[in-house]
Amino acid sequence: MNREDFEVFVLTDEDGQEHHFVILAEIDDGMKKYWICEEIMVDEDGNIQDFGEIYPFAVREDENGGIFVDSIESEEEFEKVSKAWNELLEKDEELQSMLFLNEHDHEHHEDEEEE
1 MNREDFEVFV LTDEDGQEHH FVILAEIDDG MKKYWICEEI MVDEDGNIQD
51 FGEIYPFAVR EDENGGIFVD SIESEEEFEK VSKAWNELLE KDEELQSMLF
101 LNEHDHEHHE DEEEE
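With our numbering, you'll find the sequence shown wraps up at 115, consecutive numbering, no jumps.
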C-alpha cells in the first residue's frame, strides 16, 4: 500500500490556512479513538507533492455521525498515544518501510534542491 492510497482530509487552522493530511493508523484505547496522521503538501490539482510531519489527533463523532479531530493537549494523553503508535510501528513492517522510504525520498529531494 502506498500513502497515495490513504484517505486525505483537510483541516483549516486559526489563520485560515488549509493543511492536508493522510491517516496512517487508527488507535482505539477503548475509551477514545485516535488517528495518526501525516501532513502532505498538494498541488493545485490535489496531487501529493511532498510529505511532512506526523501528528496524532483525538477523534470524536457527534450524534449526526460527523467526525471531528482535536489536538491532543494533555502530555499524559500524548505519551499514551505515542507509545501505542511506536508499538504499532514495531509490529507493522509495511508501515515501517513506507515511512522509511518517504524519509529517504525526502532527504534525496532536499539534496537535489541544494545542488
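In this text, a Cβ means the ideal position worked out from N, Cα and C, and glycines have one as well.
Item: Beta-carbon separation (whole angstroms), G52 vs E39, contact threshold 8 Å; Value: 4 Å
Item: 3-residue-minimum beta strand (DSSP E) runs that sit fully inside the region 21 to 80, ordered along the chain; Value: 33 to 42, 48 to 61 and 67 to 71
Item: Rounded straight-line distance, which links the Cα of E87 to that of G65; Value: 30 Å
Item: Given Q17 as reference, the closest of F6, Y55 and M41 once Cα atoms are compared; Value: M41
Item: Secondary structure of E18, DSSP reduced to three states; Value: strand
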